[in-house]
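Asker:
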Amino acid sequence: MSVVLVRLSSLRPQRVAEYPLLLVTVPVIYDRVLVIMARFLLSIAFATTFNVALGHNPGAQQHLTSFSAFASQERLVDSFLALDSLEPLASLDNLTTRALECEPGTTPCADGIHCAIAGTFCCEGDNAHGCSIGETCCLASSSCAPVGSYCCADSSGSCIDGSTCCPNSSKCVRIGETCCGSGVCDVGQTCCANGAGCADEGYTCCGNSLQCVPEAQCCVDEDGDYFCAEECVPSLIFPYAKDFLDEIYENMCKGTAGSSSTTDPNSAIVTLKKDTGQALRRAKASNRRAAGCAGPTRITCPPGTNCDEFPFASTDEGGSGANIMCVPSWQNDWQGTYYNSWLSEQIKLGNLVRGGQYRIVLKNIDCSKYLRKRLDKRAEPNGVLQQSGNTTLLAASLFRNHSSQNALLIDLTKDQDTPGTYTLDYDISQGSVISGAIVDDDGEYLANFSALSTSGRATASVDLEEDYGDIHFLGWTNDKDVSVSYEVKVTPSTSTSRSAAQTASTTRSSGTVKVASSASSTATASAASAAGALTGPGRMKGGLSGILAVLIACLI
Numbered sequence: 028m029s030v031v032l033v034r035l036s037s038l039r040p041q042r043v044a045e046y047p048l049l050l051v052t053v054p055v056i057y058d059r060v061l062v063i064m065a066r067f068l069l070s071i072a073f074a075t076t077f078n079v080a081l082g083h084n085p086g087a088q089q090h091l092t093s094f095s096a097f098a099s100q101e102r103l104v105d106s107f108l109a110l111d112s113l114e115p116l117a118s119l120d121n122l123t124t125r126a127l128e129c130e131p132g133t134t135p136c137a138d139g140i141h142c143a144i145a146g147t148f149c150c151e152g153d154n155a156h157g158c159s160i161g162e163t164c165c166l167a168s169s170s171c172a173p174v175g176s177y178c179c180a181d182s183s184g185s186c187i188d189g190s191t192c193c194p195n196s197s198k199c200v201r202i203g204e205t206c207c208g209s210g211v212c213d214v215g216q217t218c219c220a221n222g223a224g225c226a227d228e229g230y231t232c233c234g235n236s237l238q239c240v241p242e243a244q245c246c247v248d249e250d251g252d253y254f255c256a257e258e259c260v261p262s263l264i265f266p267y268a269k270d271f272l273d274e275i276y277e278n279m280c281k282g283t284a285g286s287s288s289t290t291d292p293n294s295a296i297v298t299l300k301k302d303t304g305q306a307l308r309r310a311k312a313s314n315r316r317a318a319g320c321a322g323p324t325r326i327t328c329p330p331g332t333n334c335d336e337f338p339f340a341s342t343d344e345g346g347s348g349a350n351i352m353c354v355p356s357w358q359n360d361w362q363g364t365y366y367n368s369w370l371s372e373q374i375k376l377g378n379l380v381r382g383g384q385y386r387i388v389l390k391n392i393d394c395s396k397y398l399r400k401r402l403d404k405r406a407e408p409n410g411v412l413q414q415s416g417n418t419t420l421l422a423a424s425l426f427r428n429h430s431s432q433n434a435l436l437i438d439l440t441k442d443q444d445t446p447g448t449y450t451l452d453y454d455i456s457q458g459s460v461i462s463g464a465i466v467d468d469d470g471e472y473l474a475n476f477s478a479l480s481t482s483g484r485a486t487a488s489v490d491l492e493e494d495y496g497d498i499h500f501l502g503w504t505n506d507k508d509v510s511v512s513y514e515v516k517v518t519p520s521t522s523t524s525r526s527a528a529q530t531a532s533t534t535r536s537s538g539t540v541k542v543a544s545s546a547s548s549t550a551t552a553s554a555a556s557a558a559g560a561l562t563g564p565g566r567m568k569g570g571l572s573g574i575l576a577v578l579i580a581c582l583i
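So for the sequence shown, this note's numbering puts the first residue at 28; every next one is plus one.
The following block contains the structure:
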């Protein structure tokens, strides 16, 4: 127990200790003069201090006029004022040295200033502190070591006998334990190099708080965060923004939390299918049917939404094991575009090959909490520059460093299940498109368009497998106002078991889309039916020859 000893000012001294006066060269015969001068100088100093205090705090003058405000100095002043009543001074020693008399029940310390209360003693070399009888004074930490303990060499305190002080820490370790940063590692554990934590026996440290199993490696992702994996692989990082993209993130969270590839509910390691071209498209169509996003057993999504599967259809983990959910179409389009932008970059850099693995991680969100309560709040339009009907313009900021242009997305099909050739004709009547493409739900580029400016026209075709899934137009642009007219023609494949009536050109049902913008412009979509039309509700209807004109005034 550390004891702060009593100072002289709180005592009632009868003689003054170690207060040398300035005029020590004056002969002893003038001792009485010295006493008077000392009293005079002390009075002036006291009065000056008192007046300064009043000047700094005028509001407290009433309080300061009470001499009790300086109670701690009273006895010291009284001692000097009483010097004339003492016996004549025989020498300078009598003037400069006086014996201290402590309060009854206390013991004077060697410094002549402090007194130790009963049951304590003054610490040698630091009389301002004391310890209880039986304890040891720890001068470095101004503390006391209890009975059966010893003082540590630094300011960390004390430890019990038989243990070791951890440097620059208040911790003590027993035999077999290890000092580690500000903590202690148990027997068998290993202190991580940065001292931030301990790894269990057989495990390895990874970053500040992770430990990896023996067969795993410690890896660092593109954001500088640590993770454990059998092999360090590139990370596809989806950054979450609160109340934005909630639906698509809910489905992805369910997929990562249900994955056994990692112990982190926010991440999953998946394998990219090794197929390319038509073989990859057939594999993706098969996965979509197995997941329930395509084919006769697909789920029915409300208008403006479509089916999202996670993990992606382009991975070996997709298919029957995927989580599916109806999400706003523009969110699904954003996800696919973001994913494919990253995927193309990684393949180009040589970080990922077809058939290789990569890690999907959802950041700034806790997927384990996300699953317990389904979100009922709709996503706010942050990052959506313009949206109307089947068209959406997304800000470049949604794609991190993968793109510096805004993304124009137009849904071209809905619940597509007809195999065949899909041809897109489009022209630009206002603004420009730096590049364009027909892409699928995974963001895979199925057909490319070159740059187009005002009055430019382009055509592209793509062959789709049965139940391949929906496709959309992706255009990258820097302009604030873009007006695009387009037409989709579908020629069903004759290599399927469909009837002859189903092999004619098909079109979507007619409809009207209005786009509200700062220019108060509108766009309409119409479609004319042709002979051989499919009559199934919600399916492609025959002879697609309609033209949908969409005018978007982008708000930046």
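Yeah, the Cβ is synthetic: ideal placement off N, Cα and C, and Gly gets one too.
Over what stretch of residues does the beta strand (DSSP E) that includes Tyr-267 continue unbroken?
Answerer: The count along the sequence shown starts at 1 and reaches residue 267 at position 240. Careful: Tyr-267 lies outside any beta strand (DSSP E) and carries neither H nor E.
Asker: When you compare the region 349 to 358 with the region 376 to 386, are there three or more beta-carbon pairs, one atom per stretch, that lie closer than 8 Å?
Answerer: Touching, no, given that fewer than three Cβ pairs across the two stretches are closer than 8 Å.
Asker: Answer with buried or exposed for Ser-294, where buried requires no fewer than 16 other C-beta atoms within 10 angstroms of its C-beta.
Answerer: Taking the sequence shown and counting its residues from 1, one reaches residue 294 at position 267. Buried, by the Cβ-count rule.
Asker: Suppose contacts are defined by Cβ-Cβ distances below 9 Å. Is Cys-225 in contact with Leu-237 by that definition?
Answerer: Here residue 225 refers to the residue found at position 198 of the sequence shown. Here residue 237 refers to the residue found at position 210 of the sequence shown. Cβ atoms of Cys-225 and Leu-237: not closer than 9 Å.
Asker: State the DSSP-derived secondary structure class of Ser-553, mapped to helix, strand or coil.
Answerer: Locating residue 553 in the sequence shown gives position 526, where the first residue counts as 1. Any reading at Ser-553 needs caution, since the residue's pLDDT is 30, under 50, leaving its predicted position unreliable; the model's value is listed next. Note: Ser-553 maps to strand in three-state DSSP.
Asker: Considering Cα atoms alone, identify which of Ile-296, Thr-518, Leu-501 is closest to Val-511.
Answerer: Numbered from 1 along the sequence shown, position 484 holds the residue referred to as residue 511. The shortest Cα separation from Val-511 among Ile-296, Thr-518, Leu-501 belongs to Leu-501.
Asker: How is Ala-423 classed by DSSP in three states: helix, strand or coil?
Answerer: Working through the sequence shown from its first residue, we reach residue 423 at position 396. Helix at Ala-423.
Asker: Who does Lys-516 pair with in a DSSP beta bridge?
Answerer: Reading the sequence shown from its first residue, position 489 is the one you call residue 516. DSSP lists Thr-450 as partners of Lys-516.
Asker: Mark Thr-445 as exposed unless 16 or more other C-beta atoms lie within 10 angstroms of its C-beta, in which case mark it buried.
Answerer: Here residue 445 corresponds to residue number 418 of the sequence shown, with the count starting at 1. Classification of Thr-445: buried, given that the 10 Å Cβ count is 16 or more.
Asker: Just list the residues that DSSP pairs Gln-432 with in beta bridges.
Answerer: Here residue 432 corresponds to residue number 405 of the sequence shown, with the count starting at 1. Answer is none; Gln-432 lacks a bridge partner.
Asker: According to DSSP, is Tyr-365 helix, strand or coil?
Answerer: The residue labelled residue 365 in the question sits at position 338 within the sequence shown. Here Tyr-365 sits in helix by DSSP.
Asker: For the candidate residues Gly-208, Gly-184, Gln-384, Leu-299, whose alpha-carbon lies nearest to that of Ser-584?
Answerer: The question about residue 584 has no answer here: the residues shown for the chain are numbered 28 through 583.
Asker: Considering just the uninterrupted stretch of the alpha helix (DSSP H) at Leu-307, what are its terminal residues?
Answerer: Position 280 of the sequence shown, counted from the start, is the residue given in the question as residue 307. Leu-307 -> alpha helix (DSSP H) spans 304 to 318.
Asker: Going by alpha carbons, who is nearest to Phe-271 out of Cys-149, Ile-392, Gln-457?
Answerer: Start at 1 with the first residue of the sequence shown, and residue 271 comes out as number 244. Answer by Cα proximity: Ile-392.
Asker: Using the beta-carbon count (16 or more within 10 Å), is Ile-71 buried or exposed?
Answerer: For this step, residue 71 is matched to residue 44 along the sequence shown. Its Cβ having fewer than 16 others within 10 Å, Ile-71 is exposed.
Asker: Excluding the 5 residues preceding and the 5 following Val-247 in the sequence, name in chain order all residues of the same chain whose CB lies nearer than 7 Å to its CB.
Answerer: The residue given as residue 247 occupies position 220 in the sequence shown. Result list for Val-247: Tyr-253, in chain order.
Asker: Can you find the residues in the same chain that come closer than 7 Å, C-beta to C-beta, to Asp-227, ignoring five residues on each side of it along the sequence?
Answerer: Residue 227 sits at position 200 when you count from the first residue of the sequence shown. If we look at Asp-227 and ignore the five residues flanking it on each side, its Cβ neighbours are Gln-216, Gln-238.
Asker: Between which two residues does the beta strand (DSSP E) carrying Gly-410 extend?
Answerer: Here residue 410 corresponds to residue number 383 of the sequence shown, with the count starting at 1. No beta strand (DSSP E) holds Gly-410; DSSP gives it neither H nor E.
Asker: So, Gly-345 versus Phe-337, is the Cβ gap smaller than 9 Å?
Answerer: Counted from its first residue, the sequence shown places residue 345 at position 318. Counted from its first residue, the sequence shown places residue 337 at position 310. Yes.
Asker: Is Leu-38 helix, strand or coil by DSSP?
Answerer: The residue labelled residue 38 in the question sits at position 11 within the sequence shown. For Leu-38, the predicted structure reports a pLDDT of 31, less than 50, and the residue's modelled location is therefore unreliable. The matter cannot be settled from this model.
Asker: Whose C-beta lies closer than 8 Å to the C-beta of Thr-163 among residues of the same chain, with five residues either side of it excluded?
Answerer: As a first step, residue 163 is located in the sequence shown; it is residue number 136 there, counting from the start. For Thr-163, where only same-chain residues beyond five positions count, the Cβ hits under 8 Å are Cys-171, Ala-172, Ser-176, Tyr-177, Cys-178, Ser-185.
Asker: What does the alpha-carbon distance come out to for the pair Ile-144 and Cys-150?
Answerer: Taking the first residue of the sequence shown as 1, we reach residue 144 at position 117. Taking the first residue of the sequence shown as 1, we reach residue 150 at position 123. Looking at the two C-alpha atoms, the distance is approximately 13 Å.
Asker: Could you give the first and the last residue of the continuous beta strand (DSSP E) run that contains Lys-390?
Answerer: Position 363 of the sequence shown, counted from the first residue, corresponds to residue 390. Where Lys-390 is concerned, the enclosing beta strand (DSSP E) stretches over 384 to 390.
Asker: Around the C-beta of Glu-242, are 16 or more other C-beta atoms found within 10 angstroms, so that it is buried, or is it exposed?
Answerer: Taking the first residue of the sequence shown as 1, we reach residue 242 at position 215. Label assigned to Glu-242: exposed.
Asker: With respect to the beta strand (DSSP E) encompassing Cys-207, which residues constitute its N-terminal and C-terminal limits?
Answerer: As a working mapping, residue 207 is identified with position 180 in the sequence shown. Looking at the DSSP string, the run of the beta strand (DSSP E) that includes Cys-207 is 205 to 207.
Asker: Roughly how many angstroms lie between the CA atoms of Arg-34 and Ser-197, to the nearest whole one?
Answerer: Along the sequence shown, one-based indexing puts residue 34 at 7. Along the sequence shown, one-based indexing puts residue 197 at 170. At Arg-34 the pLDDT is 39, less than 50, meaning the model places this residue with poor confidence and gives no usable figure here.
Asker: Just checking my contact of Tyr-385 with Tyr-453 at CB under 8 Å: how many whole Å lie between their CB atoms?
Answerer: Counted from its first residue, the sequence shown places residue 385 at position 358. Counted from its first residue, the sequence shown places residue 453 at position 426. In fact, because the Cβ distance is near 33 Å, the residues do not count as touching under 8 Å.
Asker: Is the beta carbon of Cys-259 closer than 9 Å to that of Thr-586?
Answerer: Since the first residue of the chain shown is 28 and the last is 583, residue 586 is not available in this structure.
Asker: Based on the DSSP secondary-structure assignment, which residues constitute the bridge partners of Gln-244?
Answerer: One-based indexing of the sequence shown puts residue 244 at position 217. Paired residue(s): Ala-256.
Asker: Three-state secondary structure (DSSP) at Asn-475?
Answerer: In the sequence shown, counting from the first residue as 1, residue 475 sits at position 448. Note: Asn-475 maps to strand in three-state DSSP.
Asker: Looking at the structure shown, is Asn-350 part of a helix, part of a strand, or coil, going by DSSP?
Answerer: Taking the sequence shown and counting its residues from 1, one reaches residue 350 at position 323. If DSSP states are grouped into helix, strand and coil, Asn-350 belongs with the strands.
Asker: Counting C-beta neighbours from all protein chains within 10 Å, is the total for Thr-486 16 or more, i.e. buried, or is it exposed?
Answerer: As a first step, residue 486 is located in the sequence shown; it is residue number 459 there, counting from the start. So Thr-486 counts as exposed.
Asker: For Ala-284, which three-state DSSP category applies?
Answerer: For the purposes of this step, residue 284 is identified with residue 257 of the sequence shown, where counting begins at 1. Residue state, collapsed to three classes: helix.
Asker: Where does Ser-112 sit, in a helix, a strand or coil, going by DSSP?
Answerer: Against the sequence shown, residue 112 aligns to sequence position 85. For Ser-112, the predicted model reports a pLDDT of 47, less than 50, meaning its position is unreliable and no value from the coordinates is stated.
Asker: Taking 9 Å as the CB-CB cut-off, is Ser-313 touching chain C?
Answerer: Absence of chain C from the displayed structure is noted, only one protein chain being present.
Asker: Whole-angstrom Cβ separation of Asn-314 and Tyr-472, contact assumed at under 8 Å?
Answerer: For the purposes of this step, residue 314 is taken as the residue at position 287 of the sequence shown. For the purposes of this step, residue 472 is taken as the residue at position 445 of the sequence shown. Going by Cβ atoms, the distance from Asn-314 to Tyr-472 rounds to 19 Å, so no, they are not a contact pair.
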